[in-house]
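Just so you know, the sequences run in chain order A and B. Be aware that the first sequence starts at 55, since it is given in the working numbering, and climbs by one per residue. Be aware that the second sequence starts at 2, since it is given in the working numbering, and climbs by one per residue. Remarks on the structure that follows.
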Amino acid sequence: MSENTLEARLHDLLSKVLGIPPGSISDDLSPDNTPEWSSIAHLNLILAIEDEFDIQLSPEETLEMLSVRLIRLYLEETGRI
Amino acid sequence: MPESPSSIETRLAIPSKSQTDYVALARELTADNDLNLSPLRAAFLSSFSIELMEPHLKVELASQGFLLDHFFCPFDQFEQLVLDPASELYRFEPEVVTLALQLEDWLPGRLCRFTGSREESLFLVREHVVERLENLIDGIRKNSSAPIFLWNMAEPARLAAGFADASLEFSEQQFVAEVNQGISGLCRRSQNTWIFDFHRTAYEVGLKHFYDLRLSYLARMPFSQRAQAHLARNHARCFALLKMRPKKCLVLDLDNTLWGGVVGEDGLSGIELGEDYPGSAYVDFQRYLARLRNRGILLAIASKNNEKDALDVLTNHPSSILRPEDFSELQIHWKDKALSIRNIAANLNIALDSITFFDDNPAEREWVKSQLPEVHVFDTGTNPIGYVDVIESSGLFDTLVLTPEDTERADHYRIERQRRISSRSFENPEDFLRSLDTIISHELLDTESPQFRRVLQLLGRSNQFNLTTRRHTADELRRLLEAGGIGVTVSVSDRFGSHGLVGFALAVPPSGHDSKEDWRIDTFLLSCRVMGRRIESALLRLLVDRVRGRARDVAIIGEYIPTPKNSPSRNFYPEHAFEKIDESATQVRYLLDSSRIPELPDLYSLKAE
Chain A
55 MSENTLEARL HDLLSKVLGI PPGSISDDLS PDNTPEWSSI AHLNLILAIE
105 DEFDIQLSPE ETLEMLSVRL IRLYLEETGR I
Chain B
2 MPESPSSIET RLAIPSKSQT DYVALARELT ADNDLNLSPL RAAFLSSFSI
52 ELMEPHLKVE LASQGFLLDH FFCPFDQFEQ LVLDPASELY RFEPEVVTLA
102 LQLEDWLPGR LCRFTGSREE SLFLVREHVV ERLENLIDGI RKNSSAPIFL
152 WNMAEPARLA AGFADASLEF SEQQFVAEVN QGISGLCRRS QNTWIFDFHR
202 TAYEVGLKHF YDLRLSYLAR MPFSQRAQAH LARNHARCFA LLKMRPKKCL
252 VLDLDNTLWG GVVGEDGLSG IELGEDYPGS AYVDFQRYLA RLRNRGILLA
302 IASKNNEKDA LDVLTNHPSS ILRPEDFSEL QIHWKDKALS IRNIAANLNI
352 ALDSITFFDD NPAEREWVKS QLPEVHVFDT GTNPIGYVDV IESSGLFDTL
402 VLTPEDTERA DHYRIERQRR ISSRSFENPE DFLRSLDTII SHELLDTESP
452 QFRRVLQLLG RSNQFNLTTR RHTADELRRL LEAGGIGVTV SVSDRFGSHG
502 LVGFALAVPP SGHDSKEDWR IDTFLLSCRV MGRRIESALL RLLVDRVRGR
552 ARDVAIIGEY IPTPKNSPSR NFYPEHAFEK IDESATQVRY LLDSSRIPEL
602 PDLYSLKAE
């Protein structure tokens, strides 16, 4: 798989923003099972995702994207990659 | 394969960083890095929630050499924190305090019904804002002497009257300007208190991109990611200015720097300088340089040219903004530019590390870098359109305030050139000095003096004629004066013009209760502008007379603390009736016996203010 797939970019970003090893990232990762994913880290994550994928999220979307799976699905559906 | 991670230093140097860069870099910045960052305890008291800005602040401060240790006040608790002497804020012992207040958070309701407000009610709001800010500053001052940065205010993203605002007799934009004037006045009359230009920062980002409503609702952070980064960058620049001494002089090349083309080949009418591009870009660059000069940066020329050709352009070209008299020093010849810069430093009597060099030719730049590593050499880029930005973004000439001496500095040096030229006709230097009709005005400094800021500036800048090089802060100086210290300032003028305030000396009384101890000269300095004119002899005599007016017939101790730069003042005390009493590796101490009085040369007249 190439380094530039959506998933690879997302995992790289998650690892950098949350400060966790890339290998520990899976679809199931969420604030509930990841102490590094605090409420401040969540906003930093959303801002970083907007920056990286050039999108704008609403307050509702910002509050709902509470797992790697939800973020990935959203990015795949919006297709603006 | 993952890319090899580049060093923190390389990543810090990248000018535009993504949110991911900021967050990741901020996490890696710790005391263990080899970046030699100096720790800075900075407190931010905000009317909104500033936590989200932490990565930006950390990274931008690191770019200026600081390792941020922060205190953020819990949301909307700044007033309690400031007023309670036992609060966490003071336990944190901040080295700098920023009051980041948004008027609309602070005075909700006052602004939401803006249209229809009459002049007097706007005036009342302004007074109210300034009064509340003043109370906060007073509250901080009771518990901390740290420098304070006060945010001024920006217009809201949308004006109550929309397009019509600008036509109103009392517009919202004018109201903001009024409040900002009030804040600026408050900073001028408060100790160690400076403006953080929030207004300008918002403009630089652009009001359309500055606010983020979603972050404001979700996290009480009103600013967009871009705005946060830029706010942090400007804060870091301001903090750096508290410690950094600005450069004094910009040395410029001529061909392809101040105009396009080579005057020696293309001739006066062949060079690019005028209304059309690229000549217009050079004209704009010259305009910018003229503004730098007017705020106190000395311009000089180091050019390989025939002097006659080059002066012909500066004197006679109709589009040249800069004229020969705008330059404090001109080195136009075919000799080496490192030598030219050395001559400029010697003739202006300034240190090489206060000089910067701007030349489009990379070979000249490399040569100067290799010969004079102290000189800052600008990487000019290849297009004159970018020249202004290269200088501006370096921040090397930034200052937090301008004094009257700054705005007159370039004229002082030009006059000094005339003096130097006229001195060539005298056989004996004393005859020359007498011919200048010098008047020395002297004054006692007190903590309320309008000269106070200028004295602080001299304490920060003077190197060569500075016996002790004690860089007192405003608070230290205030305490020394309040404890009975005697500070004398001298201002010098002569038939060529005025030099302004150029000398300061401070004597402090014995610290113990034993009045048998001696007075001590804590600080004795002279601006390099008036060195070699025996002004220091007058300053010393004035100080000694003042001290003995207060405490009759006392002996006075003088100290010389050697630095790499102050050897010109090494023999000052022995040449003025002081006797050496002891010497260590770090200082030499001298004593002026109670029976002795330093001589006052008859080269000038004295005037008490």
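C-beta: ideal position from N, C-alpha, C; glycine also. In this text, all values refer to a predicted model and were calculated from it rather than measured experimentally.
Three-way DSSP call (helix, strand, coil) for residue i in this model
i: S494 (chain B); result: strand
i: T21 (chain B); result: helix
i: Y414 (chain B); result: helix
i: D82 (chain A); result: coil
i: S606 (chain B); result: strand
i: R597 (chain B); result: coil
i: T587 (chain B); result: coil
i: R63 (chain A); result: helix
i: T524 (chain B); result: strand
i: A508 (chain B); result: strand
i: I135 (chain A); result: The predicted model places I135 (chain A) with a pLDDT of 49, which falls under 50 and marks its position as unreliable; any figure quoted below should be read in that light. It is coil, neither helix nor strand.
i: T116 (chain A); result: helix
i: E273 (chain B); result: strand
i: C188 (chain B); result: helix
i: C529 (chain B); result: helix
i: G163 (chain B); result: helix
i: V97 (chain B); result: strand
i: Y212 (chain B); result: strand
i: S321 (chain B); result: coil
i: V489 (chain B); result: strand
i: M2 (chain B); result: Per-residue confidence for M2 (chain B) stands at a pLDDT of 37, beneath the threshold of 50, marking its modelled position as unreliable; no derived number is given.
i: V122 (chain A); result: helix
i: K70 (chain A); result: helix
i: D519 (chain B); result: coil
Of the listed residues the options, nearest to residue i (C-alpha basis)
i: E560 (chain B); options: B:I582, B:R547, B:W195; result: B:I582
i: I392 (chain B); options: B:G262, B:L253, B:Y591, B:P511; result: B:L253
i: L36 (chain B); options: B:I51, B:R12, B:M54; result: B:R12
i: L46 (chain B); options: B:P569, B:L53, B:F73, B:L331; result: B:F73
i: S341 (chain B); options: B:T357, B:E266, B:D327; result: B:T357
i: T524 (chain B); options: B:T564, B:S371, B:R410, B:N467; result: B:N467
i: S50 (chain B); options: A:L97, A:A102, A:G73, A:D108; result: A:L97
i: A411 (chain B); options: B:G297, B:R418, B:E444; result: B:G297
i: Y414 (chain B); options: B:S492, B:H577, B:R530; result: B:R530
i: L1 (chain B); options: B:E449, B:P451, B:T448, B:R472; result: Since the first residue shown for chain B is 2 and the last is 610, residue 1 (chain B) is missing from the structure and cannot be characterised.
i: T404 (chain B); options: B:Q452, B:F579, B:R420, B:F211; result: B:Q452
i: P563 (chain B); options: B:F573, B:I557, B:D554, B:L315; result: B:F573
i: V263 (chain B); options: B:A609, B:N307, B:A291, B:M245; result: B:N307
i: E137 (chain B); options: B:T470, B:Q192, B:S168; result: Looking at the sequence itself, residue 137 (chain B) is Leu, so the reference to Glu does not match. For L137 (chain B), the nearest C-alpha among the options comes from B:Q192.
i: V98 (chain B); options: B:L123, B:A25, B:I196; result: B:I196
Where the beta strand (DSSP E) containing residue i begins and where it ends
i: P40 (chain B); result: 39 to 47
i: A282 (chain B); result: Looking at the DSSP string, A282 (chain B) is not in any beta strand (DSSP E); the run it does join, the alpha helix (DSSP H), is 280 to 295.
i: W106 (chain B); result: Note that residue 106 (chain B) is Asp in the sequence shown here, rather than Trp. Premise fails: D106 (chain B) lies in the alpha helix (DSSP H), 104 to 107, not in any beta strand (DSSP E).
Continuous alpha helix (DSSP H) stretch holding residue i: start and end
i: D267 (chain B); result: 264 to 267
i: H236 (chain B); result: 226 to 244
i: L401 (chain B); result: No alpha helix (DSSP H) contains L401 (chain B), which DSSP labels as neither H nor E.
i: G550 (chain B); result: 536 to 551
i: A63 (chain B); result: 55 to 64
i: A339 (chain B); result: 338 to 349
i: L101 (chain A); result: 93 to 107
i: Y204 (chain B); result: 199 to 206
Contact list for residue i against chain A, beta-carbon separation under 8 Å
i: Y212 (chain B); result: The contacting residues do not exist; Y212 (chain B) stays about 14 Å from chain A at best.
i: R234 (chain B); result: Residues of chain A passing the Cβ test: none, with the nearest at roughly 17 Å.
i: A25 (chain B); result: K70, V71, G73
Contacts that residue i makes with chain A (C-beta to C-beta distance below 9 Å)
i: I220 (chain B); result: Here residue 220 (chain B) is Ala; the residue named in the question, Ile, does not match the sequence. The answer, in chain order, is S93, I94, L97.
i: L53 (chain B); result: I94, L97, N98, L101
i: P56 (chain B); result: N98
Proximal chain B residues relative to residue i, where beta-carbon distance stays under 8 Å
i: L67 (chain A); result: T21
i: T116 (chain A); result: R215, L219
Chain A contact residues for residue i, given Cβ-Cβ distances below 7 Å
i: V60 (chain B); result: Those do not exist, as V60 (chain B) stays about 13 Å from chain A at its closest Cβ, beyond 7 Å.
Contact list for residue i against chain B, beta-carbon separation under 7 Å
i: L101 (chain A); result: Q20, Q226
i: P113 (chain A); result: R215, Y218, L219
i: G73 (chain A); result: R28
Residue i CB to nearest heavy atom of the ligand FMN below 7 Å
i: E89 (chain B); result: Among the components modelled here there is no ligand, and therefore nothing to report on the ligand FMN.
Contact set between residue i and chain B, taken where Cβ atoms lie within less than 9 Å
i: E106 (chain A); result: S19, Q20, T21
Runs of beta strand (DSSP E) wholly within the region 353 to 395 of chain B (minimum 3 residues, chain order): 356 to 359
Every unbroken beta strand (DSSP E) within the region 425 to 486 of chain B, with a cutoff of 3 residues, ordered by chain: 439 to 446
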